[in-house]
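The next block holds one structure in the form of structure tokens; read it before the comments.
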Amino acid sequence: MRCRAALAVLGLLPVLASAQSVSMSGSLGDKALLVIDGAPRTVAAGATVSGVKVISVSGSQTVVELGGKRQTLVLGGAQVNLGGAASAGGGTTITLAAGPGGHFVSSGTINGRAVRFVVDTGATNVALSEAVARSIGLDFGKGERVLTNTANGQVVAHRVSLREVRVGDVTVYNVDATIVPAMMDMVLLGNSFLSRFQMKRDADVLVLEKRF
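By the working numbering, the letter at position 123 of the sequence shown is numbered 153, and the numbering carries on one by one without gaps.
Structure, rendered in structure tokens:
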């Protein structure tokens, strides 16, 4: 009976492992800041946590081993599961590590096109330059013309609705954005996105929990 019980437990292990997911939210030297099954963990190269072994950490990429298979995680990219498939974007938690200057930066997508975000709690909407908007195919010329304040005074901008904004494994739909005639390569992740989350900061880690 004990043998059968033990075998039954062992039989469940592959099922439990297959639900494991991991993504990269930052790095500190040879340590990677990972999100494993939704929980932030700091893991040094060569160490193993919850079945995830960190092989190497190099800037915005971390090579990990899951169930004998190696995967390359990209900072702010989609999480992967034990089978190596990218997540479909249905997650609820974003974990970000502060970068130089204390800014929270992440890669992500707008309408499926790759961009770089920086969290800006002072921005009313997601904001991006006209150059970035053109590069990802946004037809902002048909958007509502509005006046907005910049460091150089008031400028005419365009307000549009983004079909989807994705950061890591989390996708938010129908997000208001402002397209401004400014020189900036990064997209400001403002409150039209952030208001969908509960924000928690612990030292240099920012956790966003999706509310709706």
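Where a beta carbon is used, it is the ideal one built from N, C-alpha and C, also for glycine. Here the structure is a predicted model, which is why all the values come from computation and not from measurement.
Legend entry - Simplified DSSP state of Asn141, which is helix, strand or coil: For the purposes of this step, residue 141 is taken as the residue at position 111 of the sequence shown. Here Asn141 sits in coil by DSSP.
Legend entry - C-alpha distance - Val176 paired with Asn155, whole-angstrom precision: Against the sequence shown, residue 176 aligns to sequence position 146. Against the sequence shown, residue 155 aligns to sequence position 125. Answer to the nearest angstrom: the Cα atoms are 13 Å apart.
Inset, instruction - Report yes if the CB atom of Leu168 is closer than 9 Å to the CB atom of Ala127, and no otherwise. - result: Along the sequence shown, one-based indexing puts residue 168 at 138. Along the sequence shown, one-based indexing puts residue 127 at 97. No, Cβ-Cβ distance for Leu168 and Ala127 is not below 9 Å.
Inset, instruction - Would you mind reading off the limits of the beta strand (DSSP E) that contains Phe227? - result: Here residue 227 corresponds to residue number 197 of the sequence shown, with the count starting at 1. Here the beta strand (DSSP E) through Phe227 covers Phe227 to Asp232.
Inset, instruction - Helix, strand or coil for Ser51, going by three-state DSSP, please let me know. - result: Counting from one through the sequence shown, the residue named residue 51 turns up at place 21. In the structure shown, Ser51 sits in a strand (DSSP, three-state: E or B).
Legend entry - Cβ-Cβ distance between Val197 and Pro70 below 9 Å: For the purposes of this step, residue 197 is identified with residue 167 of the sequence shown, where counting begins at 1. For the purposes of this step, residue 70 is identified with residue 40 of the sequence shown, where counting begins at 1. Result no, Cβ atoms of Val197 and Pro70 do not sit closer than 9 Å.
Inset, instruction - Assign Thr123 to buried or exposed, taking buried as 16 or more other Cβ atoms, counted over all protein chains shown, within 10 Å of its Cβ. - result: For the purposes of this step, residue 123 is taken as residue 93 along the sequence shown, with counting starting at 1. Classification for Thr123: buried.
Inset, instruction - Would you give the residue range spanned by the beta strand (DSSP E) that Ala69 belongs to? - result: The residue labelled residue 69 in the question sits at position 39 within the sequence shown. Ala69 to Ala74 is the extent of the beta strand (DSSP E) around Ala69.
Legend entry - C-beta contact flag for Ala207 and Arg189 at 9 Å: For this step, residue 207 is matched to residue 177 along the sequence shown. For this step, residue 189 is matched to residue 159 along the sequence shown. Against a cut-off of 9 Å, the Cβ pair of Arg189 and Ala207 comes out as a contact.
Legend entry - Nearest residue (CA-CA) to Thr180, options Val200, Gly171 and Val210: Within the sequence shown, the letter at position 150 stands for residue 180. Among Val200, Gly171 and Val210, the Cα nearest to that of Thr180 belongs to Val210.
Inset, instruction - Pick helix, strand or coil for Ser80, following the three-state DSSP scheme. - result: On the sequence shown, residue 80 is found 50 positions in, with the first residue counted as 1. Of the three classes helix, strand and coil, the one that applies to Ser80 here is coil, per DSSP.
Legend entry - Same chain only: Cβ atoms within 6 Å of Val135, ignoring 5 sequence neighbours per side: Start at 1 with the first residue of the sequence shown, and residue 135 comes out as number 105. The residues are Gly129 and Val148.
Legend entry - Buried versus exposed, by CB contacts within 10 Å (16 or more), Asp150: Translated into the one-based positions of the sequence shown, residue 150 becomes position 120. Buried, because 16 or more other Cβ atoms sit within 10 Å of the Cβ of Asp150.
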